[in-house]
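Asker: Residue numbers (this note's numbering), protein chains in the order written: chain A, 21 to 436; chain B, 28 to 396. Quick reminder that beta carbons are idealized off the backbone N, C-alpha and C, glycines included.
Next comes the structure, spelled out in C-alpha cells:
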C-alpha cells in the first residue's frame, strides 16, 4: 500500500505514525510546502520570543522519520487527479498514491480594508514558519505595531511584539476580549492583565483604513472610532479558514463547503481520498480548528484508511491557552447559568456552567486543573453542589502552590 | 530571534553558545584549574583575611548560589515550588555547606559538611578518615548514607537531595540558570549517560569495598594498601576534581549546568536507581500537550519530557532531579511533580475516561520508557 499525506502538521504526522504502527510494510509519504519536518505550530511564539530555536519546535528527533520509514517530500501540491491516483507538485514532480489524506490545515483570514492594496510590506499573519520569518525580519525596524483580532493568535502575536519592546495597539472588535469563549468578567480580567503588560487595548474598535508610507510599508491605521494609530507593522489575526483555495482548480476537486466535505469516517467525495484536521468539514457543517481535534482526527482518519469502521462524533469540547501569564482551561459548553468566583487580589477565576442542575462546562483562569475530572463530571451529569465539594480532586497546581478553595466554596454556599 | 541592542545581543550570545559563552567557559575552566592544581588563589584569600583558598572558594560558591538564587526566586516568584526549593538551596549552602563547617573548625572540631554524603563525598565512607572522627560524625555519616539518602529517595525521589540539598545541584539551579537549556536532548546522549554514570557508580562502589578491605587487612598486605591509596588519589583527581569541578562547572555555558550530575555523579546514579522503584513521578495530563517542547528545552538533565507528555505517559526517569522547571514552563499546565503511592496512582487512573485516543501507542514508538 502506498499512502500519501498532504500536510505535515499535527493531523498529517499523527496519521502517518498511526499508519506505520499498524502497517509495517506500507510506503508512507508526507508532502509539505511549508517545512521539511513536522514542527509544533503552537510553539511559533516561543521561537519568536527567543525562548526556543526553530529546531526545538520539532516534536520528534529527525532520525525518527528514517526509523519509521516516513518519507518527506518538500513541495506545494498543485494538482490532484483522483481517477489516475496521482498528484502534481508545483515543480512538476508527479506523486502516485493508493490512498491519499488531505491534511492541509488552515490559512489565515484576510480582510479588504481600504488602503490595504497600497501596502506592500509590514502586514503580517502569525500562522506559518514563513510568517515567523517575516515577523522576525520586520521587528528590528518596528517601534509601534497594531494587531487586529481578539482571539488566541492575536494575543500571542501581541505578547511576542511586546517582548521585543514594540509598543502594541491591540484592536478587539467586541466589547470585551474573546467573547466567543469568555464571559465579560473573564474578558475584563484578561484585559486588565494585558494593560498591565503595557498593551494598549482598544475594545469595540476595528480597522477602518490602512495607510502606507512612501516606501510602501504600512505607516498608519485609522480605526472605526476615528483613532489614528501610527505603526510600522500590522498583524492580522482575525481567524483562520480551511486551506482549500488550491482545490477548486485541480483536475478532480473533492466536494467543498467551508472545508473539504467528509463523512464521519473522514472520507472525502473522491475515491481513496480522506481529509482530516482543520481543512475537513464534517457533517452538520462542523469544522474543528484546534490542535487537539486535529490530532484526534489524524489518528482516526488513519484508522479509516486502514479499513477500520470509524464513526467520529466530536467529543466533549476542551481547550487550553495562555494569555501572557494567565493559563486557561476550558471544558464543555456554555450553560444558561453559572457560578463564577474571582479570587480576591489574584488573577485567578473559576466559572462552572450548568443547565437543569447538571454541570455542562468549566472556564478556569490562572490556576491548573486536570480537565479529565471535568469531563467525567459533565458526562455523569453531576450537580454543581457535588462538583463544588469534589473540586479539589481536579486541582493540578504545582506543589506548595495549590490555590485554596475555601473562599470559592463559601461564596457558593452563600449564593445557594 | 534576539532583540535589538548590544545588551540584548550579549545576553543572547552568552546564553546560546556564542563567542562570549566560550570565553566565559574558558574563564570558569581556568579558575578551577588554578584552584585545584596551583596555590595561585592562596595569596588572594589571605589578602582578604581568609585562612586559605578553600575558604575563599566556599565564600565565592555561597555568593554565587545566593545571588543566582535571588534571581531565580524573582523570576519564578509566581511558582511556590520554585520559591520554596530555592530558599532551601540557599539556606543549605549558607549553613551546612559553608558556615557550620567553618564554625566546627573554629571550635576545633572536624570540618564536616552535613549536606554531603557518600558516594558523592567518598571521604565519608573512607574508613581511615571517618573512623578518626568523633562518634557523632561517624554515626551521621553511616546513617545518612545508608538510611537517610535511600529512604527519602524512595518517598520523594532523588530531588530531595539533588535539587534541594546538594551544592552541585544548588549551583546549577541558581548561578547556572541562564544555561540550563543547553543540555543535549538526543536519545544518543541518553544512551551515553546511562553507561557513564553507572560506570562511575560501579567504580566508586569498588573503591569503597577496596578501602574497607585494605583498612582491615592492609597491614598484612602492603601491596593492596598501596594499590588502594593510588586508586583513591586517581579517583579523587579524575572524578572529584576534573569531572565535578573543571568539567562540571567549566562547561556550564557550553553544555548546560548538569553535565556532572547527569554523566558522572555516583550519588545521582544511586538515587536514580532508588527513584525508579520509589514514589516520585511526573504526572502527565491526558491529551492536553501541544508538543511545544518548552519542557524538553528547559530540562537541565536532557530528558525529552515532551516525548512523554505528547504520548500521555506519566513517567519516572532515573536521571530526573525534580527541579520542576518542566512543569513551570509548560504553557498548558500538563505536567506535575508528585509522590504517589501505587494506590493513589490507581485512583487517578480511574479518571482517565475512555476516549478515542491511543496516543501512547502511536506517539511513543521509540521506547522511551
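Could you check the C-alpha separation between residue 22 (chain A) and residue 234 (chain A) for me, to the nearest Å?
Answerer: Taking the straight line from one Cα to the other gives about 53 Å.
Asker: At 4 residues or longer, what runs of the alpha helix (DSSP H) sit wholly inside the region 54-97 of chain A?
Answerer: Complete alpha helix (DSSP H) runs here, min 4: 64-68 and 82-87.
Asker: From the DSSP output, in three-state form, read off residue 373 (chain A) for me.
Answerer: Of the three classes helix, strand and coil, the one that applies to residue 373 (chain A) here is strand, per DSSP.
Asker: Is the region 86-104 of chain A touching the region 40-56 of chain A in the sense that three or more CB pairs, one from each, lie closer than 8 Å?
Answerer: Taking 8 Å as the limit for Cβ pairs, the verdict is that the region 86-104 of chain A does touch the region 40-56 of chain A.
Asker: Check this for me: beta carbons of residue 346 (chain A) and residue 385 (chain A), under 7 Å apart or not?
Answerer: Yes, they are a contact pair.
Asker: Where does residue 290 (chain B) land, buried or exposed, given buried means 16+ other C-beta within 10 angstroms?
Answerer: Result: buried.
Asker: Residue 208 (chain A) and residue 196 (chain A): beta carbons closer than 7 Å?
Answerer: Going by C-beta atoms, residue 208 (chain A) is nearer than 7 Å to residue 196 (chain A).
Asker: How is the alpha helix (DSSP H) around residue 240 (chain A) delimited, first residue to last?
Answerer: Segment 238-243 is the beta strand (DSSP E) holding residue 240 (chain A); no alpha helix (DSSP H) there.
Asker: Decide yes or no for the touch test of the region 305-318 of chain B against the region 205-217 of chain B: beta carbon pairs closer than 8 Å, at least 3 of them.
Answerer: The region 305-318 of chain B vs the region 205-217 of chain B: no contact.
Asker: Once the 5 residues before and after residue 42 (chain A) are set aside, which same chain residues still bring their CB inside 6 Å of it?
Answerer: Excluding residues within five positions, the ones whose Cβ falls inside 6 Å are 326.
Asker: What in chain B is Cβ-close to residue 391 (chain A), meaning under 9 Å?
Answerer: Here the neighbours are 312, 313, 314 and 315.
Asker: Taking Cβ-Cβ distances below 9 Å as the criterion, which residues of the region 79-92 of chain A are in contact with chain B?
Answerer: Taking 9 Å as the Cβ-Cβ cut-off against chain B, the residues of the region 79-92 of chain A that qualify are 79, 80, 81, 83, 84, 87 and 88.
Asker: Have a look at residue 163 (chain B) and residue 154 (chain B) and give me their C-alpha separation to the nearest angstrom.
Answerer: When rounded, the distance between both Cα atoms is 15 Å.
Asker: Taking only three categories from DSSP, how would you classify residue 115 (chain B)?
Answerer: It is helical.
Asker: Below 8 Å on the Cβ atoms is my guess for residue 275 (chain B) versus residue 109 (chain B); work out the distance and round it to an integer in Å.
Answerer: Actually they do not touch by this definition, with Cβ atoms about 23 Å apart.
Asker: Could you compute how far the alpha carbon of residue 242 (chain B) sits from the alpha carbon of residue 323 (chain B)?
Answerer: Going from the Cα of residue 242 (chain B) to the Cα of residue 323 (chain B) covers about 46 Å.
Asker: Classify residue 360 (chain B) as helix, strand or coil using the three-state DSSP reduction.
Answerer: It is coil, neither helix nor strand.
Asker: Quick test of your reading: residue 240 (chain A) and residue 251 (chain A), contact by CB under 8 Å. State the CB separation rounded to the nearest angstrom.
Answerer: Right, their Cβ atoms sit about 7 Å apart.
Asker: To the nearest angstrom, how far is it from the Cα of residue 294 (chain B) to the Cα of residue 146 (chain B)?
Answerer: Cα to Cα, residue 294 (chain B) sits roughly 5 Å from residue 146 (chain B).
Asker: Of the residues that make up the region 221-249 of chain A, which ones have a beta carbon closer than 8 Å to any beta carbon in chain B?
Answerer: Answer set for the region 221-249 of chain A: empty.
Asker: Short check: CB of residue 186 (chain B) to CB of residue 349 (chain B), under 7 Å?
Answerer: Yes; because the gap between Cβ atoms is below 7 Å, this pair is in contact.
Asker: Would you give the residue range spanned by the beta strand (DSSP E) that residue 26 (chain A) belongs to?
Answerer: Counting along the chain, the beta strand (DSSP E) containing residue 26 (chain A) begins and ends at 22-26.
Asker: Quick one: residues in its chain with C-beta nearer than 6 Å to the C-beta of residue 46 (chain B), no 5 flanking neighbours on either side, listed in chain order?
Answerer: Excluding sequence neighbours, residue 46 (chain B) sits near nothing in its chain.
Asker: Taking the beta strand (DSSP E) that residue 107 (chain A) falls in, what are its first and last residues?
Answerer: Looking at the DSSP string, the run of the beta strand (DSSP E) that includes residue 107 (chain A) is 106-109.
Asker: How would you list, in chain order, the residues of chain B whose beta-carbon sits under 8 Å from the beta-carbon of residue 342 (chain A)?
Answerer: Result: 358 and 359.
Asker: Excluding the five sequence neighbours on either side, which residues of its own chain have a C-beta within less than 7 Å of the C-beta of residue 127 (chain B), listed in chain order?
Answerer: The answer, listed in chain order, is 141.
Asker: Cβ closer than 8 Å: which chain A residues qualify as neighbours of residue 321 (chain B)?
Answerer: 63, 66, 71 and 72, listed in chain order.
Asker: Say whether chain B places a C-beta atom closer than 7 Å to the C-beta of residue 23 (chain A).
Answerer: It does not; no Cβ of chain B falls within 7 Å.
Asker: Using three-state DSSP, classify residue 312 (chain B) as helix, strand or coil.
Answerer: Looking at residue 312 (chain B) - three-state DSSP - the assignment turns out to be coil, as it is neither helix nor strand.
Asker: Residue 214 (chain B) touches chain A at which residues, Cβ-Cβ below 7 Å?
Answerer: What residue 214 (chain B) touches in chain A: 81.
Asker: Starting from the Cα of residue 226 (chain B), find the closest Cα among B:215, B:262 and B:104 and give me that residue.
Answerer: Comparing Cα positions, the closest option is B:262.
Asker: Could you give the C-beta distance for residue 31 (chain A) and residue 315 (chain A), rounded to a whole number, given that I count them as a contact under 8 Å?
Answerer: 7 Å between Cβ atoms; contact.
Asker: Fully enclosed by the region 147-182 of chain A, which beta strand (DSSP E) runs are 3 residues long or longer?
Answerer: If we require 3 residues or more, the beta strand (DSSP E) runs fully inside the region 147-182 of chain A come out as 164-168.
Asker: Determine which residues share a DSSP beta bridge with residue 294 (chain A) and list them.
Answerer: Residue 294 (chain A) pairs with A:121 and A:287.
Asker: To which residues of the same chain is residue 341 (chain B) closer than 7 Å at the C-beta, ignoring the five residues directly before and after it?
Answerer: Within the same chain, residue 341 (chain B) has close Cβ partners 308, 309, 310 and 311.
Asker: If I measure Cβ to Cβ from residue 165 (chain B) and keep anything under 8 Å in the same chain, skipping five residues before and after, which residues do I get?
Answerer: Once the five neighbours on either side are set aside, the close Cβ partners of residue 165 (chain B) are 157 and 158.
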